[in-house]
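Right, one structure below, let's go through it.
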Amino acid sequence: MTRCPECGAPTRPHSCQELFEIVLALDHSRLPPWGSLHGVTVSCFLLQHPSRLLGAAPTRPWTILHTYLDGGLTAVTRLTEHTRRANSHRDTRPSEAAFGAPVTLIPPPTAFSVTIHDVAQDGTFPAEGFPERLTAWAKDCITGWSSLST
């Protein structure tokens, strides 16, 4: 069985990228439960597929997952609203300030216990249980990186 070199998930019947595109379409539909959890979903995917991190900066997804796990969806919503306001052309403060000090992570783990394949279940990301599966994914991302963060 061929596995994803970044997260260790099987690449069949769907690659991680194919599953990510499916869940993004659900996120962008803005329907519950996917839409409100978009930032958490993207953060999990990026931390398990760090080659896709822009500028190799894991600070934003790391902070989003910690915020979600510590304070739930309400806390993440506050964080992302603050970031949106900071990204406004009317606000001259750097938007990354909301995410705290940069996080430095040493070479990433290459296998996780929970991956996008587990969240997708049959490849369709069923609504029932999605928030719980996403929370398990977020916890596993943090666990996988925690021993490696400095």
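Position in the sequence shown (first residue = 1) + 47 = the numbering used here.
Heads up, the beta-carbon is just placed ideally off N, CA and C, and yes, glycines get one too.
Under the DSSP assignment, TRP184 falls in the alpha helix (DSSP H) whose first and last residues are 177-193. Remark: fewer than three beta-carbon pairs, one from each stretch, lie closer than 8 Å, so the segment 93-110 and the segment 171-180 are not flagged as touching. With 16 or more other Cβ atoms from the protein chains shown falling within 10 Å of its own Cβ, LEU181 counts as buried. Taking 9 Å as the cut-off, the beta carbon of LEU120 is found closer than this to the beta carbon of LEU84. Just so you know, the alpha carbons of VAL87 and THR110 end up roughly 10 Å apart.
For LEU112, same chain residues with a beta-carbon under 8 Å away, outside a window of 5 residues either side, are VAL87, SER90, CYS91, LEU94, ALA185, CYS188 and ILE189 in chain order. By alpha-carbon distance to GLU68, the top candidate from LEU101, VAL161, ALA183 and GLY170 is GLY170.
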